[in-house]
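A.B. asks: Sending over a structure as structure tokens; questions will come in a sec.
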Amino acid sequence: MKWNTYIKDYQSYLRIERGLSKNTIENYGFDIERLCLFLETNQIEVSPLKITDETVQQFIYAVSKEVNPRSQARIISGLKSFFNYLVFEDYRKDNPLELIETPKTGRKLPDTLSVQEIDSLIAAIDLSSNEGERNRAILETLYGCGLRVSELVSLKISDLYFEESFVKITGKGNKERFVPIGKLTEKYIKIYQNAIRSELNIKKGFEDTLFLNRRGSQLTRSMIFAIIKDLAVKVGLNKKISPHTLRHSFATHLLENGADLRSIQLMLGHESITTTEIYVHLDRSFLKEVMHSFHPRK
Numbered sequence: 001m002k003w004n005t006y007i008k009d010y011q012s013y014l015r016i017e018r019g020l021s022k023n024t025i026e027n028y029g030f031d032i033e034r035l036c037l038f039l040e041t042n043q044i045e046v047s048p049l050k051i052t053d054e055t056v057q058q059f060i061y062a063v064s065k066e067v068n069p070r071s072q073a074r075i076i077s078g079l080k081s082f083f084n085y086l087v088f089e090d091y092r093k094d095n096p097l098e099l100i101e102t103p104k105t106g107r108k109l110p111d112t113l114s115v116q117e118i119d120s121l122i123a124a125i126d127l128s129s130n131e132g133e134r135n136r137a138i139l140e141t142l143y144g145c146g147l148r149v150s151e152l153v154s155l156k157i158s159d160l161y162f163e164e165s166f167v168k169i170t171g172k173g174n175k176e177r178f179v180p181i182g183k184l185t186e187k188y189i190k191i192y193q194n195a196i197r198s199e200l201n202i203k204k205g206f207e208d209t210l211f212l213n214r215r216g217s218q219l220t221r222s223m224i225f226a227i228i229k230d231l232a233v234k235v236g237l238n239k240k241i242s243p244h245t246l247r248h249s250f251a252t253h254l255l256e257n258g259a260d261l262r263s264i265q266l267m268l269g270h271e272s273i274t275t276t277e278i279y280v281h282l283d284r285s286f287l288k289e290v291m292h293s294f295h296p297r298k
């Protein structure tokens, strides 16, 4: 497979699973094509599976002479995403941009939904269909436990510890963590299990998988994206949302209601608390409240 084949597969992933716009996908493609042009100009014949971090660093150094830090940051981010995709699909074992730092241009805050907007999405689900009960349980689990979409689709029945009010999650790097589960989320999962899932003709190998399609197989990430996108359109939500938006909302609402960052970090499965700290910037009123409540000079 040549660069073009991998680029096309990656762009399909961005369109179907990430739900990105045509212009955004084209921009991601331009970044990769810029790298390809650099390789061609310097007569470096190497596939995306064999390119080294040294070669990528040479490219970034060349780019830094031509564009401003913001454009440079976008190019690095785009290439990191491309190679992360190749790693995720097991085409590569590593990302050659892993150690390359992005120029500081200010952090982009994640999109979030209000509690009312989340309630509107869930209320818009058609519960007259079997898929409706499943989809309600899916949204409640994404928001109620703050899961990544990959964690949701791979969630096992044997991972549910309802008596202890915890769910065992297998996250990035196969790292396991336990996340508390609320009674409401537990209720809708049980309704789905007892009324819908129990009636499915479950295919071999998926007996322990919690959320299944109507053919008895594991749901794909793109199916979850499509479910949420369709609901957003249905309620007229003028925001670009994805399963990750519910995860961001989970963290933001916990912080707004007084949860500490360390607890949120553990529930989200962030390796570094620096990643979790971005949520502090979402609600300035919360910061003022903390200062006025706890600072001795309030």
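In terms of full-length UniProt numbering, the sequence shown has 5 at position 5, counting the first letter as 1, and numbering is strictly consecutive.
We put the CB at the ideal spot given by N, CA and C, even for glycine.
Name the DSSP beta bridge partners of Leu212, please?
C.D. replies: Answer by DSSP bridge pairing, in chain order: Gln218.
A.B. asks: At which residue ranges does the UniProt domain "Core-binding (CB)" (1–87) contain complete alpha helix (DSSP H) runs of 4 or more residues, listed in the order of the chain?
C.D. replies: You should have 3–16, 22–41, 53–64.
A.B. asks: List the endpoints of the continuous beta strand (DSSP E) containing Arg177.
C.D. replies: Segment 176–180, the beta strand (DSSP E) holding Arg177.
A.B. asks: Using C-beta distances below 7 Å, list every residue in its chain close to Leu210, excluding the 5 sequence neighbours before and after it, in chain order.
C.D. replies: Answer for Leu210: Leu155, Lys156, Ile157, listed in chain order.
A.B. asks: List in chain order: all unbroken alpha helix (DSSP H) runs of 4+ residues lying wholly within the region 97–174.
C.D. replies: Runs found: 115–123, 130–145, 149–153.
A.B. asks: Taking a contact to mean a Cβ-Cβ separation below 8 Å, would you say Leu86 touches Val56 in this structure?
C.D. replies: Cβ distance not < 8 Å, so Leu86 and Val56 don't count as in contact.
A.B. asks: Can you give the Cα-Cα distance for Ala124 and Gly132, rounded to whole angstroms?
C.D. replies: So the alpha carbons of these two residues sit roughly 10 Å apart.
A.B. asks: Report the CB separation of Phe178 from Phe166 in whole angstroms; it is logged as a contact under 8 Å.
C.D. replies: Between Phe166 and Phe178 the Cβ distance is about 5 Å, and since that is below 8 Å, they are a contact.
A.B. asks: Pick helix, strand or coil for Asp230, following the three-state DSSP scheme.
C.D. replies: If DSSP states are grouped into helix, strand and coil, Asp230 belongs with the helices.
A.B. asks: Kindly indicate which residue of Thr41, Ser12, Glu17 has the alpha-carbon position closest to the one of Thr220.
C.D. replies: Ranking Thr41, Ser12, Glu17 by Cα distance to Thr220 puts Glu17 first.
A.B. asks: What do you get for Met1, buried or exposed, if any count of 16 or more other CB atoms within 10 angstroms of its CB means buried?
C.D. replies: The predicted model places Met1 with a pLDDT of 49, which falls under 50 and marks its position as unreliable; any figure quoted below should be read in that light. Met1 should be labelled exposed.
A.B. asks: Along the chain, where does the alpha helix (DSSP H) containing Tyr188 start, and where does it finish?
C.D. replies: 183–191 is the extent of the alpha helix (DSSP H) around Tyr188.
A.B. asks: Answer with buried or exposed for Asp119, where buried requires no fewer than 16 other C-beta atoms within 10 angstroms of its C-beta.
C.D. replies: Exposed, by the Cβ-count rule.
A.B. asks: Just to confirm before moving on: does the CB-CB distance between Ile224 and Leu152 stay below 8 Å?
C.D. replies: Yes. Within cutoff.
A.B. asks: Is Gly205 buried or exposed, if buried means 16 or more other CB atoms sit within 10 Å of its CB?
C.D. replies: With fewer than 16 Cβ atoms within 10 Å of its Cβ, Gly205 is classed as exposed.
A.B. asks: Residues in the same chain with beta-carbon distance under 6 Å from Arg247, minus the five sequence neighbours each way, listed in chain order, please.
C.D. replies: Only Gly146 meet the Cβ criterion.
A.B. asks: DSSP state of Arg247, grouped into three classes?
C.D. replies: Correct three-state label for Arg247: helix.
A.B. asks: Quick one: is Thr5 buried, meaning 16 or more other Cβ sit within 10 Å of its Cβ, or exposed?
C.D. replies: Under this definition Thr5 is an exposed residue.
A.B. asks: Use the C-beta contact count for Tyr10: other C-beta atoms within 10 angstroms, 16 or more gives buried, fewer gives exposed.
C.D. replies: When all chains shown are included, Tyr10 counts as buried.
A.B. asks: For Arg92, collect the residues of the same chain with a Cβ closer than 6 Å to its Cβ; drop the 5 residues on either side in sequence, then sort them by chain order.
C.D. replies: Result list for Arg92: Leu49, Leu86, in chain order.
A.B. asks: Measuring alpha carbon to alpha carbon, tell me which of Val46, Phe82, Leu237 ends up nearest Asn27.
C.D. replies: Per the Cα distances, Phe82.
A.B. asks: Does DSSP classify His270 as helix, strand or coil?
C.D. replies: Looking at His270 - three-state DSSP - the assignment turns out to be coil, as it is neither helix nor strand.
A.B. asks: Between Gly171 and Gly269, is the Cβ-Cβ spacing less than 8 Å?
C.D. replies: Taking 8 Å as the Cβ cut-off, Gly171 and Gly269 qualify as a contacting pair.
A.B. asks: Got a sec? Which residues, its chain only, sit under 7 Å from Gln116 by beta carbon, not counting five neighbours each side?
C.D. replies: Cβ within range, chain order: n/a, list empty.
A.B. asks: Can you find the residues in the same chain that come closer than 8 Å, C-beta to C-beta, to Gly19, ignoring five residues on each side of it along the sequence?
C.D. replies: Within the same chain, Gly19 has close Cβ partners Phe225, Lys229, Lys240, Ser242.
A.B. asks: Given a cut-off of 8 Å, decide if Thr141 and Thr112 are closer than it, judged by their beta-carbon atoms.
C.D. replies: Result no, Cβ atoms of Thr112 and Thr141 do not sit closer than 8 Å.
A.B. asks: Among Gln58, Lys22, Ser21, which has the Cα closest to the Cα of Leu37?
C.D. replies: The residue with the shortest Cα to Cα distance from Leu37 is Gln58.
A.B. asks: Just mark Phe30 as buried or exposed, buried being the case when its beta carbon has 16 or more other beta carbons within 10 Å.
C.D. replies: Burial call: exposed.
A.B. asks: Put Ser242 into one of helix, strand or coil per three-state DSSP.
C.D. replies: Here Ser242 sits in coil by DSSP.
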